[in-house]
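Below is one structure; the comments refer to it alone.
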Ligand code: AMP
Ligand code: MG
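In the working numbering, the protein residues as written are 16 to 282.
Pasting the structure below:
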């Protein structure tokens, strides 16, 4: 099986030593795109069975720095999948009502139901990332969240949800290039803000927060995948592989017919 970039929960690691460059894992972009398209066809077929079976659930969590490729991943990976069986949920800064509840309240409400694939564009992990880096709550509040998240994800797992968590790992240089492209192209201005630049100044703090989060919340029931994401074509392939291998393993089946159709003739 090709390298999936699943984080080994027994091996110590440093985020700065995990690759952002995908080229070393796949020398040929054309071949990667061919494999990606074949896997996407398989994904569409497996998703149909998951929906028809109406038993299991799949939750895909996407986390990344700004311009890390979350939107592009969703656009490319979900293309062609029956929209009825997928729910994409983006998490922005919490509303007043959301802030009046525990941090998992808004998350739990939108986890995938039976037969569904849920995709989180940002997630409950923001509550140990942006919240930590910018001191939105004291450490005494955010630190216990690692355990709270692990327990929450265990609950989802125990109730039939497969969980895949992808951190799209780009380098600071790559983010700079992508920001510059957004700045240079008026049609990309909507994706860019001065706040993004402000957050870029905290890059090392974010990396420290990501590293600890990856270490604390990489569980058997909800593993993290650290995807080298500087090349979009490799990122797409690596994520698609893991999704398809997981769905193969879940092996959803079309359900039996509800009625006996023997001898049925349609007049
Ligand atoms: P974007 O993904 O570019 O639309 O930006 C969404 C913004 O919402 C990002 O700046 C996130 O850091 C922010 N955000 C998401 N969740 C939270 C949270 N729980 N607390 C504070 N900010 C958040
Ligand atoms: Mg943004």
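The C-beta atom is built at its ideal place from N, Cα and C for all residues, glycine as well.
Here residue 136 carries a strand assignment [DSSP, helix/strand/coil]. Closest in alpha carbon position to residue 181, among 80, 48 and 61, is 80. In the DSSP assignment, residue 196 falls within the alpha helix (DSSP H) that extends over 187-199. The three-state secondary structure of residue 219, taken from DSSP, is helix. For residue 262, the enclosing alpha helix (DSSP H) stretches over residues 247-265. It is roughly 18 Å from the alpha-carbon of residue 213 to the alpha-carbon of residue 143.
Between the alpha carbons of residue 88 and residue 18 lies a gap of roughly 18 Å. When DSSP states are grouped into helix, strand and coil, residue 243 belongs to the strand group.
Runs of the beta strand (DSSP E) lying entirely within the stretch 100-188 and spanning at least 3 residues, in chain order: 101-105, 132-136 and 176-184. Your pair residue 239 and residue 77 does not check out as a contact, with CB atoms roughly 12 Å apart and the cut at 8 Å. Setting aside the 5 residues that flank it on each side, residue 269 is surrounded in the same chain by 64, 67 and 68, each with a C-beta closer than 8 Å to its C-beta; the list follows chain order.
Of the heavy atoms belonging to ligand 2, at least one sits nearer than 8 Å to the Cβ of residue 81. The beta carbon of residue 35 lies closer than 6 Å to those of 184, 185, 186, 243 and 245 in the same chain, with the five residues before and after it left out.
Residue pairing of residue 75 in beta bridges, as defined by DSSP: 134 and 179. When the Cα atoms are used, residue 250 and residue 111 turn out to be separated by approximately 35 Å. With 16 or more other Cβ atoms from the protein chains shown falling within 10 Å of its own Cβ, residue 168 counts as buried.
Taking a 10 Å sphere around the C-beta of residue 157, we find 16 or more other C-beta atoms and assign the residue as buried. The alpha-carbon separation between residue 236 and residue 172 amounts to approximately 6 Å. At a cut-off of 8 Å, the beta-carbon of residue 118 counts as near ligand 1: some heavy atom of the ligand is closer than that.
Under DSSP, residue 21 forms a beta bridge with 240. CA-to-CA, the gap between residue 195 and residue 247 works out to about 17 Å.
Put simply, the backbone Cα of residue 131 is about 34 Å away from that of residue 29.
When the five nearest sequence neighbours on each side are left out, the beta carbons in the same chain lying within less than 7 Å of the beta carbon of residue 48 are those of 248, in order along the chain. Our two residues, residue 254 and residue 44, have alpha carbons roughly 15 Å apart in a direct line.
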